[in-house]
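Okay, so here's the structure we're looking at.
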Amino acid sequence: MAINWRAVLYGFATYIVLGLLSGFVIPFTDVALPVLGAGLSGLIAGGVSGYYNNRSTMSDATHGALGIVIGALIVGIILTVLGTLVAGIFGLGAGLGLLTLIFVAGIPGAVGGVVGGYLHRGREDRMGRPTA
18 MAINWRAVLY GFATYIVLGL LSGFVIPFTD VALPVLGAGL SGLIAGGVSG YYNNRSTMSD
78 ATHGALGIVI GALIVGIILT VLGTLVAGIF GLGAGLGLLT LIFVAGIPGA VGGVVGGYLH
138 RGREDRMGRP TA
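Under my numbering, the first residue of the sequence shown carries the number 18, and numbering increases by one thereafter.
Right, here's the structure in full:
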């Protein structure tokens, strides 16, 4: 299976933006419920990857998960560095705990990739086809 890096990049960029700004943009995703923000960001960014990939269900899920895992890794590193600067060793411990959840972040990305691929295929099915 060939990787469509443009689709992965779109999902990655979407996850970076939503991951860093989720407390401000998405309701109920601040400190009280951070898992909801990560899952919702993963679904949206995975959907973007799957929508732009639009090859097969397995390929869409792979691209969604790949984009989200790369995005979660970058967001985790940024938040670990910022947390270490502010809170010292406690920020580092929290950041390393966050990095262990990166693999779990791929699950909503894969689901979002499948949904995004189906949404894109649904539009193509409704388009008219030439008869001649």
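Note that the Cβ used here is the ideal one computed from N, Cα and C, for glycine as well.
Supposed close pair residue i, residue j - CB separation, criterion 8 Å
{"i": "LEU109", "j": "THR117", "result": "So it is not a contact: roughly 13 Å between Cβ atoms."}
{"i": "MET122", "j": "VAL65", "result": "Per the sequence presented here, residue 122 reads as Ala, with Met not at that position. Not really, about 15 Å apart at Cβ, beyond 8 Å."}
{"i": "LEU38", "j": "PRO125", "result": "17 Å between Cβ atoms; not a contact."}
{"i": "ILE91", "j": "ILE20", "result": "Going by Cβ atoms, the distance from ILE91 to ILE20 rounds to 18 Å, so no, they are not a contact pair."}
{"i": "ALA78", "j": "ALA127", "result": "4 Å"}
{"i": "GLY84", "j": "PHE120", "result": "With 8 Å as the limit, GLY84 and PHE120 do not qualify as a contact, their Cβ atoms being about 14 Å apart."}
Residue closest to residue i, alpha-carbon to alpha-carbon, out of the options
{"i": "LEU57", "options": "ILE95, GLY81, TYR68, LEU35", "result": "LEU35"}
{"i": "ILE94", "options": "LEU26, GLY114, GLY84, GLY81", "result": "GLY114"}
{"i": "ALA62", "options": "VAL98, THR31, LEU136", "result": "THR31"}
{"i": "LEU136", "options": "MET18, TYR68, LEU26", "result": "TYR68"}
{"i": "HIS80", "options": "ALA55, VAL25, ALA104", "result": "VAL25"}
{"i": "MET18", "options": "ASN70, ILE106, VAL103", "result": "ASN70"}
Residue i beta carbon near the ligand MG (any heavy atom closer than 6 Å)
{"i": "GLY129", "result": "Among the components modelled here there is no ligand, and therefore nothing to report on the ligand MG."}
Exercise. Is there contact here, the stretch 128 to 139 with the stretch 66 to 76, by at least three beta-carbon pairs under 8 Å?
Worked result: yes
For this session: Write down every uninterrupted run of the alpha helix (DSSP H) in the stretch 88 to 140 whose length is 4 residues or greater and which is fully enclosed by it, in chain order.
Result: 106 to 117
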